[in-house]
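Novice:
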Amino acid sequence: MMTLAEIAELLKAELRGDPSVQVSGLGTLKGANSGQISFLTNPRYRAQLKETRAAAVICRAEHADESPVPVLVVSDPHLAFAVISQRFDIAPVAVAGVHPRAIVDPSAQIDESASIAAGVVVEANAEIGAGVVVMANSVIGVGARLAEQVRIGANVTICHGAQIGARTNIQAGSVIGCDGFGFAFNGQGWTKIAQVGTVRIGESCDIGAGVTIDRGAIEDTVIGNNVIIDNQVHIAHNVTIGEGTAMAAQVGVAGSSQIGRFCVFAGQVGVAGHIEIVDQVQVMGKSMVSGSIRKKGIYASGVPETDHETWRRNAVRFRHLDEMAKRLKAVERRLDDSNPAK
Amino acid sequence: MMTLAEIAELLKAELRGDPSVQVSGLGTLKGANSGQISFLTNPRYRAQLKETRAAAVICRAEHADESPVPVLVVSDPHLAFAVISQRFDIAPVAVAGVHPRAIVDPSAQIDESASIAAGVVVEANAEIGAGVVVMANSVIGVGARLAEQVRIGANVTICHGAQIGARTNIQAGSVIGCDGFGFAFNGQGWTKIAQVGTVRIGESCDIGAGVTIDRGAIEDTVIGNNVIIDNQVHIAHNVTIGEGTAMAAQVGVAGSSQIGRFCVFAGQVGVAGHIEIVDQVQVMGKSMVSGSIRKKGIYASGVPETDHETWRRNAVRFRHLDEMAKRLKAVERRLDDSNPAK
Amino acid sequence: MMTLAEIAELLKAELRGDPSVQVSGLGTLKGANSGQISFLTNPRYRAQLKETRAAAVICRAEHADESPVPVLVVSDPHLAFAVISQRFDIAPVAVAGVHPRAIVDPSAQIDESASIAAGVVVEANAEIGAGVVVMANSVIGVGARLAEQVRIGANVTICHGAQIGARTNIQAGSVIGCDGFGFAFNGQGWTKIAQVGTVRIGESCDIGAGVTIDRGAIEDTVIGNNVIIDNQVHIAHNVTIGEGTAMAAQVGVAGSSQIGRFCVFAGQVGVAGHIEIVDQVQVMGKSMVSGSIRKKGIYASGVPETDHETWRRNAVRFRHLDEMAKRLKAVERRLDDSNPAK
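Order-wise, the sequence lines are chains E, R and C. Heads up, this note's numbering is the position in the first sequence plus 1, with the first residue counted as 1. Heads up, this note's numbering is the position in the second sequence plus 1, with the first residue counted as 1. Heads up, this note's numbering is the position in the third sequence plus 1, with the first residue counted as 1.
#1: By Cβ distance below 6 Å, which residues in the same chain neighbour residue 299 (chain R) in space, the five residues on each side in sequence not counted?
#2: With residue 86 (chain E) as the anchor, note down where its alpha helix (DSSP H) starts and where it stops.
#3: From the beta carbon of residue 170 (chain R), is the nearest beta carbon of chain E less than 9 Å away?
#4: Taking 9 Å as the threshold (C-beta atoms), are residue 317 (chain R) and residue 288 (chain R) in contact?
#5: Sort E:137, E:126, E:70 and E:65 by Cα distance to residue 99 (chain E) and report the nearest one.
#6: Using a C-beta cutoff of 9 Å, does residue 322 (chain E) count as contacting chain C?
#7: At the 9 Å Cβ level, is residue 263 (chain C) part of the contact set with chain R, yes or no?
#8: If you count every other CB in all the chains shown that lies within 10 Å of the CB of residue 189 (chain E), and 16 or more means buried, which is it?
#9: List, from N- to C-terminal side, the beta strand (DSSP E) runs of 3 residues or more that fit wholly inside the stretch 214-292 of chain C.
#10: Cβ of residue 229 (chain E) within 9 Å of Cβ of residue 191 (chain R)?
#11: Can you pull the chain C neighbours of residue 197 (chain E), defined as C-beta to C-beta under 8 Å?
#12: Out of E:178, E:37 and E:110, which has the shortest C-alpha to C-alpha gap to residue 224 (chain E)?
#13: Please work out which residues of its chain come closer than 6 Å, Cβ to Cβ, to residue 104 (chain R), disregarding the five sequence neighbours upstream and downstream, and give them in chain order.
#14: Would you say residue 206 (chain R) and residue 169 (chain R) are within 9 Å of each other, going by their C-beta atoms?
#15: What are the residues in the stretch 278-308 of chain C lying within 8 Å of chain E by C-beta distance?
#16: Which residue from R:286, R:221 and R:276 puts its Cα closest to that of residue 247 (chain R)?
#17: List, in chain order, every chain R residue whose beta-carbon is nearer than 7 Å to that of residue 220 (chain C).
#18: Taking all protein chains shown into account, decide if residue 62 (chain R) is buried (16 or more other Cβ within 10 angstroms of its Cβ) or exposed.
#19: Would DSSP call residue 50 (chain C) helix, strand or coil?
#20: Identify whether residue 133 (chain E) lies in helix, strand or coil by the three-state DSSP scheme.
#21: State yes or no: is the C-beta of residue 52 (chain R) within less than 9 Å of the C-beta of residue 69 (chain R)?
#22: Residues of chain E with CB closer than 7 Å to the CB of residue 187 (chain R), please, in chain order.
#23: Please classify residue 20 (chain C): is it buried, with 16 or more other beta-carbons within 10 angstroms of its beta-carbon, or exposed?
#24: Excluding the 5 residues preceding and the 5 following residue 25 (chain R) in the sequence, name in chain order all residues of the same chain whose CB lies nearer than 6 Å to its CB.
#25: Look at the alpha carbon of residue 301 (chain R) and the alpha carbon of residue 254 (chain R), and state the distance between them as a whole number of angstroms.
#26: Using a cut-off of 9 Å between C-beta atoms, extract the partners of residue 332 (chain E) located in chain C.
#27: Give the DSSP-derived three-state secondary structure of residue 156 (chain C) in the structure shown.
#28: In angstroms, rounded to a whole number, what distance separates the CA positions of residue 343 (chain C) and residue 328 (chain R)?
#29: Along the chain, where does the alpha helix (DSSP H) that runs through residue 339 (chain R) open and close?
#30: Our contact map puts residue 134 (chain E) next to residue 141 (chain E) with C-beta atoms below 8 Å; I'd like the distance itself, whole angstroms only.
#31: Verify whether the separation of the beta carbon atoms of residue 219 (chain R) and residue 32 (chain E) is less than 9 Å.
#32: Determine whether the Cβ of residue 343 (chain C) lies closer than 9 Å to any Cβ atom of chain E.
#33: Can you find a CB in chain C that lies within less than 9 Å of the CB of residue 268 (chain R)?
#34: For the beta strand (DSSP E) containing residue 200 (chain C), list its first residue and its last residue.
#35: Cutting at 7 Å between CB atoms, please list the residues of its own chain near residue 221 (chain C), excluding the five before and the five after it.
#36: Can residue 233 (chain E) and residue 211 (chain R) be called in contact, C-beta distance under 9 Å?
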């Protein structure tokens, strides 16, 4: 429970309305009840603003007059909502201490303010900092280090020696520090190359569920501070990702590629190995990035869906695109030859 | 063990052959032994029917005369085989009760007919219905609800508050109810938006291994009844999926998209966020769906493989496709100008 | 710790330098310290060779003279490095025996040299061979068999009856033997087809993290010897993969496809179901393989990224490619008609 006065202070917002109104949760403009706070960013939803029954709405000054309920005026309602949303989170609060059914190696060091849930296995020489939460049935490998306030979901595997920076959140089922895909062909099959680097994840990162991040082959895989990674992303060995970069679900980055700061990759993008991508590159969904990108901007590949019959005909033509280009050139030459004045 | 008479009754099939023949398992037309039942749907395999040594074959009337062994005549052999296959499943039968090495919070409610395997963690206020099976080392989060006959594979995570409908099956390693990928940029990095919605999965759904389904940001992510989802599918926050829709492996659906009933998505399809897809849409493998689809039918994108050299030449030309189109238009104009009668 | 003399003997290398030099680890040419061994394969890094401070470098004869430090001359430095890397692995060494906090069914057979970590669940009738390592919180299902020297990472699920060949390595979070995606439409929804085959994985395979490999529907899914599979790969039911084939991350193979020996699939490739791919086929990243490939060679599909504006224009044209092809043909005809001599 917070009053609008308290929320206004937290958000440094201008409050227009009764400061004593109580807020107990979050809602959409359309769905909020009289105890929930909502927000408006996209003008498309102004009609919903006019009919909202929320306790209050966070919006820009230009929309404030249209609200039938109290408003908190800010310059960036989306960001303000993000800040306030954390006060109304419904995630269970972890209790400090090691659950009696966790299994902790005697050589592991666990801060007494950390919360280690049932079924968690903490292996030899692991170090777990203040305020860390490790949820049920996760495994913290030999010598792994979790800095303060790290939060590890259920069934996560932090492999031996992996290092997780302060305040970083890793969701359920992810694997951090698995071996990279390194093999040498021996004439008859594959000889594995031991992966002796590790993985270092920065501070205040957010890593989704079902993510895999490989340890380095010799040197380390490095994820910068405040990188956000969605579910089922794969990061191969020796990749480096700069501060503040965002990757949506099912992106894959092949080995040794270096990705800049504040890039944004939409879902299912594939990045080839051994390339460089500079800062502030945006890549649209499902694109194939097969070479280095040296200039900031927006990139894309692929073709959007059409009905199947149209697609089938076009896809067949694609197989002959080079031939078409040559025929077009030939046609142009014939026209030039027959009509040299043009 | 079932007799052909019993099977015929179950399938409402016409039995041609000895009703006392015993069946103990399933086989392919080619591989079945004399204790196994097989089926024929695709006429391509008629040659195999003629040489089968199965105990009996389920087929349509038109193929019955070609079988050297007893036949069960039905209109849809594939469906009839599905029904009978469940009687010969080899999956281990779970024993009711909580394994002494499961870890159950005292506030959780577990029906006495449920089976909770070794290493499972059931957190506070979770509710587990009649006949539910939770396999080893899975985690049922705070306040999650599993309705009757739900089956949860090993190492699954059901996050706090997630709701799973009756008879739904979730395979190993999946994560249901993880946080959606919601962040606001704060000028220097990303501020997480607490994800306070939940996820509601309908009845009789089937969800594969390694799947991730996000909880909603404010309102819920909703999966309809009888939806079937293959391995490594990702469903983002606030997606809704209509009844009976099928998604093959590695499909990804971005946030807030609404997908209709009885759609079929082949493997690796990517669906953009905030779009709508009506009922009965089929999307072919690896397609990118970047906008709403408002008419039922079959859709596709992408181009199939060719040999690398052909591909390389065509892909280069694709980068100049717009220019080619303009040159083609110019050529047409030149021809029209020089030959106005045409 | 090994001396260069010992390493030279192991690698059958010609040693040029002091045989008593001690090596304690691996390094890159650039980063290695005086206790670490490095290697040179790619001539691009010759400048780094000249300045290396490594204990020794593995290289070909042609580069030996450029090294300021001892060299081990071999014909394939990459392979030699792979061999020696395994002696300097940093992965924790498992201790034989069953951890007191593992949970083992009395009917399971576990070789006394195997290592079963904390939190592992071994179900009824599972068989675990000599030297096997099963890491924390993994689940070995009913009747599963792990041959000698198999290594299973943390939080892995080996489903009932799955068979893993000797020396095969499966990394954290993978699921082997989950049900295939088999359903029959019943007019109102989907009836599941019980998946009564199993999965057999060959010897000396290497399987990454977050991989899912389905059990067969009736007959088995079969992975050949020495197959290497990267993270988040999905293999559907009844797929067969020949010896020595390699699949990079996020590849998906649909049901019943047969893949030859010594193929190489780059990341995010999608392979349709019910097709055949012969031996020694290479498929480039993100390709869609929609039909059988009957001739060895290199294959590709898709188009690489461009800047977004160029992409948008080209993608729009792609939707009219068939029409463009027809217009080009028409233009050629008009030219032929007006200029029959050409």
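Glycine included, every Cβ here is placed at the ideal spot set by N, Cα and C.
Specialist: This is what the structure gives:
#1: Along the second sequence, one-based indexing puts residue 299 (chain R) at 298. So the qualifying residues of the chain are 283.
#2: Residue numbering aside, residue 86 (chain E) sits at position 85 when the first sequence is read from its first letter. First-last of the alpha helix (DSSP H) with residue 86 (chain E): 78-86.
#3: Taking the second sequence and counting its residues from 1, the one referred to as residue 170 (chain R) is at position 169. So no, residue 170 (chain R) is outside the interface.
#4: Within the second sequence, residue 288 (chain R) is the residue found at index 287, counting from 1. Within the second sequence, residue 317 (chain R) is the residue found at index 316, counting from 1. Result no, Cβ atoms of residue 288 (chain R) and residue 317 (chain R) do not sit closer than 9 Å.
#5: For the purposes of this step, residue 99 (chain E) is taken as residue 98 along the first sequence, with counting starting at 1. Ranking E:137, E:126, E:70 and E:65 by Cα distance to residue 99 (chain E) puts E:137 first.
#6: By 1-based counting over the first sequence, the position of residue 322 (chain E) is 321. True, the Cβ-Cβ gap to chain C drops below 9 Å.
#7: Here residue 263 (chain C) corresponds to residue number 262 of the third sequence, with the count starting at 1. Cβ-Cβ to chain R under 9 Å: no for residue 263 (chain C).
#8: Walking along the first sequence from the start, residue 189 (chain E) turns up at place 188. With fewer than 16 Cβ atoms within 10 Å of its Cβ, residue 189 (chain E) is classed as exposed.
#9: 222-224 and 282-284
#10: Stepping through the first sequence from its first residue, residue 229 (chain E) is reached at position 228. Stepping through the second sequence from its first residue, residue 191 (chain R) is reached at position 190. It is a contact, given that the beta carbons lie within the stated cut-off.
#11: For the purposes of this step, residue 197 (chain E) is taken as the residue at position 196 of the first sequence. By Cβ distance, chain C contributes 26, 27, 86, 89, 90 and 91.
#12: Looking up residue 224 (chain E) in the first sequence gives position 223. Closest by alpha carbon: E:178.
#13: Numbered from 1 along the second sequence, position 103 holds the residue referred to as residue 104 (chain R). Here the set comprises 122.
#14: In the second sequence, counting from the first residue as 1, residue 206 (chain R) sits at position 205. In the second sequence, counting from the first residue as 1, residue 169 (chain R) sits at position 168. Their beta carbons are under 9 Å apart, which means residue 206 (chain R) touches residue 169 (chain R) by this criterion.
#15: 286, 287, 303, 304, 305, 306, 307 and 308
#16: Stepping through the second sequence from its first residue, residue 247 (chain R) is reached at position 246. Nearest option by C-alpha distance: R:286.
#17: What you label residue 220 (chain C) is simply residue 219 of the third sequence in a count that begins at 1. Ordered by position in chain R, the residues that pass the 7 Å Cβ test against residue 220 (chain C) are 29 and 32.
#18: Translated into positions along the second sequence, residue 62 (chain R) becomes position 61. Exposed.
#19: In the third sequence, counting from the first residue as 1, residue 50 (chain C) sits at position 49. Note: residue 50 (chain C) maps to helix in three-state DSSP.
#20: Taking the first residue of the first sequence as position 1, residue 133 (chain E) is located at position 132. Reduced to three states, the DSSP call for residue 133 (chain E) is coil.
#21: Residue numbering aside, residue 52 (chain R) sits at position 51 when the second sequence is read from its first letter. Residue numbering aside, residue 69 (chain R) sits at position 68 when the second sequence is read from its first letter. Contact flag set, yes.
#22: On the second sequence, residue 187 (chain R) is found 186 positions in, with the first residue counted as 1. Residues of chain E passing the Cβ test: 80.
#23: As a first step, residue 20 (chain C) must be located in the third sequence, where it is residue number 19. Exposed, since its Cβ has fewer than 16 Cβ neighbours within 10 Å.
#24: Stepping through the second sequence from its first residue, residue 25 (chain R) is reached at position 24. Counting only Cβ-Cβ distances below 6 Å, and skipping sequence neighbours, we find 2 and 36.
#25: The residue you call residue 301 (chain R) lines up with position 300 of the second sequence. The residue you call residue 254 (chain R) lines up with position 253 of the second sequence. One C-alpha to the other measures close to 16 Å.
#26: Translated into the one-based positions of the first sequence, residue 332 (chain E) becomes position 331. By Cβ distance, chain C contributes 329, 332, 333 and 336.
#27: Position 155 of the third sequence, counting from 1, holds the residue named residue 156 (chain C). Coil at residue 156 (chain C), not helix or strand.
#28: Residue 343 (chain C) sits at position 342 when you count from the first residue of the third sequence. Residue 328 (chain R) sits at position 327 when you count from the first residue of the second sequence. Per-residue confidence for residue 343 (chain C) stands at a pLDDT of 47, beneath the threshold of 50, marking its modelled position as unreliable; the derived number appears in the next sentence. C-alpha separation (whole angstroms): 21 Å.
#29: In the second sequence, counting from the first residue as 1, residue 339 (chain R) sits at position 338. Counted as a single uninterrupted DSSP element, the alpha helix (DSSP H) harbouring residue 339 (chain R) occupies residues 322-339.
#30: As a position in the first sequence, residue 134 (chain E) is number 133, starting the count at 1. As a position in the first sequence, residue 141 (chain E) is number 140, starting the count at 1. In fact, because the Cβ distance is near 12 Å, the residues do not count as touching under 8 Å.
#31: In the second sequence, residue 219 (chain R) corresponds to position 218, counting from 1. In the first sequence, residue 32 (chain E) corresponds to position 31, counting from 1. In this structure, residue 32 (chain E) lies closer than 9 Å to residue 219 (chain R) by Cβ.
#32: Your numbering for residue 343 (chain C) matches position 342 in the third sequence. Because residue 343 (chain C) carries a pLDDT of 47, less than 50, the predicted location of this residue cannot be relied on, and no value is offered for it.
#33: Along the second sequence, one-based indexing puts residue 268 (chain R) at 267. Yes - at least one Cβ of chain C is within 9 Å of the one on residue 268 (chain R).
#34: Mapped onto the third sequence, residue 200 (chain C) falls at position 199. Segment 200-202, the beta strand (DSSP E) holding residue 200 (chain C).
#35: Residue numbering aside, residue 221 (chain C) sits at position 220 when the third sequence is read from its first letter. Beyond the five residues adjoining it in sequence on each side, residue 221 (chain C) comes within less than 7 Å, by CB distance, of 198, 199, 200 and 201 in the same chain, given in chain order.
#36: The residue you call residue 233 (chain E) lines up with position 232 of the first sequence. The residue you call residue 211 (chain R) lines up with position 210 of the second sequence. A contact, by the Cβ cut-off of 9 Å.
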